[in-house]
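I have placed the structure first, in the form of structure tokens, so that the comments after it can refer back to it.
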Amino acid sequence: MEKKETVKTNHLNIIKAFGDASKLSFDFVFFPVVFLLIGVYLDKKFSSTPLFIISGVAVGIGAFVYKVKKALKEFRLKDENHLTGKDKKL
763 MEKKETVKTN HLNIIKAFGD ASKLSFDFVF FPVVFLLIGV YLDKKFSSTP
813 LFIISGVAVG IGAFVYKVKK ALKEFRLKDE NHLTGKDKKL
């Protein structure tokens, strides 16, 4: 019986990991594209062709990097809590 619970827990952990990975891959595309579109709009409005496009992509990539750092910090904390036995949910 204990083996089935361990297998079930491992499957749930894998599903959660895939969910987290899909969130990050969505963010990888979403943030740069949204800020790119904002940059295109601002460049058309102010007639400053590459300035806001480049800035928008840079801000989008920066937002993605921030999300990745935040997610990694969260994963490390969960892993640390699990290894030290502080994680009582599992």
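Residue 812 in the working numbering sits at position 50 of the sequence shown, and the numbers go up by one each step.
The beta-carbon is built from N, C-alpha and C at its ideal position, and this holds for glycine as well.
Here the structure is a predicted model, which is why all the values come from computation and not from measurement.
- Residue nearest to F788 within the set F837, I800, G822, K848 is G822 (criterion: CA-CA distance).
- Between the region 798-810 and the region 823-835, the count of Cβ pairs shorter than 8 Å is below three; the stretches do not touch.
- The residues D782, L786, in chain order, have a CB closer than 7 Å to that of A833 in the same chain once the five nearest residues on each side in sequence are set aside.
- Here DSSP, grouped into helix, strand and coil, assigns K848 to coil.
- In terms of Cβ geometry, V802 and I815 form a close pair [threshold 8 Å].
- In the three-state DSSP reduction, S784 falls in the helix class (H, G or I).
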